[in-house]
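Student: Using numbering that gives the first Met the number 0, the first residue of the sequence shown is number 0, and each one after it goes up by one.
For glycine and all other residues, C-beta sits at the position ideal for the given N, C-alpha and C.
If you scroll down you'll find the structure; I have some questions about it.
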Amino acid sequence: MKATQKEFSGLAQRAARDARVFFFCGPDESGASDAAAKILSFLPDPGERIEMSGAELRRDPVRLGDEARSTSLFGGARHIWVRAQGDEAHDAVQTLLDNEVEGCPVLIVATGATDKSRTAKLLAARPDGLVAMFYPPDLASVTASVRTMANAAGLKLGSEIAERIARGAGLDTRLARSEVSKLALYLDASPETPRPVAAGDLDAIGASTEDDDFSPLVDAVLGGKRDAIGPELRRMREQGMNPVGLLLAFERRAAQLAGLNARLGDGRDVAGFVKAEAGARRIFWKEQGAMTAQLQLWRGHRLERLVARLVALHQTLLANSQDAELLLADELLTIARSARPNSKRPTITTS
């Protein structure tokens, strides 16, 4: 089976019943992860989760099939959750499909892959497989998602507060869901006892999130602001910012730039385009200047290389947590040098 972003919600329940291997891809890693979670919610008993990385499966393609056919330590149901980059899991999936013994559900969230990738082609035509691709959301769609989450949690909130949550979460629906859950707990809300949400309630739970602190550094690096980069990196160190959390802010901005690039196409009036996007509330008006500058710098292959670099950096930080701050600072300097207009240094390349 193959589903577009719009079709997925309607197909999810049937796919959870009929399929055993799920491949979620596209530039919106948050949306892909949400889709995987939705499939799990439709399983009668998801059971124990076995987490694996694409790098592990690339080194040992047989392992996925072995794990899928194994029984839980406690004798119950289980499922496998794979986080991969691109086609890392291709050989493992092919080995799994070649075996006739049916295993537990396998859900693959593949950053940097598309529905045209080799892994997707293995599954798209199979009734026991699902491929779904997700693009970065805009402010309006995430705001609508926040209101849906809030209704389900028993929260009554207007579009202004929903938009504030969406912006504070950097258009990441996972972070937005966390804020909604905190609000429901704070207000003792439930579907049976709904509660209204005021701006003061949002302030009380600290819903501004770390992204408010991250934004100046994101804008300095991706905007090539050489005078601001040093002080911002020093602030990162002094405030003890979480390296992975900060990197996620860069990944969300890169995904947002990718979505804008797709809508802009070959257009050259970047400033006019961004102004129109801000007018349509797909970009927060305060970010209009920064987004214009960054969209002019990061386009085409340069943006693709940036996205790939950030994905690789994410895996590096997770594997080297003790040196994460130093590794992140060094890489951000490399990206900033590449972003600088008229820089004599070469643009970044993936390794």
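Please report the distance separating the alpha-carbon of residue 141 from that of residue 103.
Tutor: Taking the straight line joining both Cα atoms gives about 32 angstroms.
Student: Any heavy atom of the ligand ATP closer than 8 angstroms to the CB of residue 22?
Tutor: What this structure holds is no ligand at all, so the ligand ATP is not there to describe.
Student: Apart from the five residues on each side of it in sequence, which residues of its chain come closer than 7 angstroms, Cβ to Cβ, to residue 318?
Tutor: Counting only Cβ-Cβ distances below 7 angstroms, and skipping sequence neighbours, we find nothing.
Student: Could you pull the DSSP bridge partners for residue 78 from this structure?
Tutor: Per DSSP, 48.
Student: With 16 as the cutoff for other CB atoms within 10 Å, does residue 101 come out buried or exposed?
Tutor: Answer is exposed; the Cβ neighbour count stays below 16.
Student: For residue 216, which of helix, strand or coil comes out of DSSP?
Tutor: It is helical.
Student: Counting pairs of Cβ atoms below 8 angstroms between the region 181–190 and the region 149–166, do you hit three or more?
Tutor: The region 181–190 vs the region 149–166: in contact.
Student: Could you pull the DSSP bridge partners for residue 107 from this structure?
Tutor: Bridge partners of residue 107: 22 and 81.
Student: Spatial neighbours of residue 16 within its chain, please: CB distance less than 8 angstroms, with the 5 preceding and 5 following residues excluded, ordered by chain position.
Tutor: Excluding residues within five positions, the ones whose Cβ falls inside 8 angstroms are 41.
Student: Would you report the Cα separation of residue 284 and residue 290, rounded to the nearest angstrom?
Tutor: Straight-line Cα distance between these residues: approximately 10 angstroms.
Student: What did DSSP end up calling residue 15 once you bin it into helix, strand or coil?
Tutor: Residue 15: helix per DSSP, three-state reduction.
Student: Which residue comes first and which comes last in the alpha helix (DSSP H) that contains residue 141?
Tutor: Run containing residue 141: 138–152, per the alpha helix (DSSP H) assignment.
Student: Kindly indicate which three-state DSSP category residue 130 falls into: helix, strand or coil?
Tutor: Reduced to three states, the DSSP call for residue 130 is strand.
Student: Of all the options 124, 117 and 77, which has the alpha carbon lying nearest to the alpha carbon of residue 106?
Tutor: For the residues 124, 117 and 77, the minimum Cα distance to residue 106 belongs to 77.
Student: Please classify residue 176: does DSSP put it in a helix, a strand, or coil?
Tutor: If DSSP states are grouped into helix, strand and coil, residue 176 belongs with the helices.
Student: For residue 1, which residues does DSSP report across the bridge?
Tutor: BP columns for residue 1 point to 130.
Student: Can you find at least 3 beta carbon pairs, one from the region 156–175 and one from the region 192–202, that sit closer than 8 angstroms?
Tutor: Contact between the region 156–175 and the region 192–202 is present, because at least three Cβ pairs lie under 8 angstroms.
Student: Which partner residues of residue 195 appear in the DSSP bridge assignment?
Tutor: Residue 195 pairs with 155.
Student: Three or more C-beta pairs closer than 8 angstroms, one from the region 213–224 and one from the region 291–300: is that the case here?
Tutor: Yes: the two stretches touch, three or more of their Cβ pairs being nearer than 8 angstroms.
Student: Quick check: the Cα distance between residue 90 and residue 8, rounded to an integer number of angstroms?
Tutor: Straight-line Cα distance between these residues: approximately 29 angstroms.
Student: For residue 113, name the three-state secondary structure that DSSP assigns.
Tutor: Three-state result, residue 113: coil.
Student: Below 8 angstroms on the Cβ atoms is my contact criterion, and I expect residue 129 with residue 2 to pass it. Report the Cβ-Cβ distance as a whole number of Å.
Tutor: Yes, they are in contact, since the Cβ atoms of residue 129 and residue 2 sit about 7 angstroms apart, within 8 angstroms.
Student: Whole-angstrom Cβ separation of residue 137 and residue 281, contact assumed at under 8 angstroms?
Tutor: Contact holds; Cβ gap of about 4 angstroms.
Student: Could you please give the first and the last residue of the uninterrupted alpha helix (DSSP H) stretch that includes residue 33?
Tutor: Taken as a continuous stretch (DSSP letters only), the alpha helix (DSSP H) holding residue 33 covers 28–41.
Student: Suppose contacts are defined by Cβ-Cβ distances below 9 angstroms. Is residue 81 in contact with residue 116 by that definition?
Tutor: For residue 81 and residue 116, no; Cβs fall outside 9 angstroms.
Student: Just tell me which of 143, 305 and 309 has its CA closest to the CA of residue 338.
Tutor: Out of 143, 305 and 309, 305 has the C-alpha closest to the C-alpha of residue 338.
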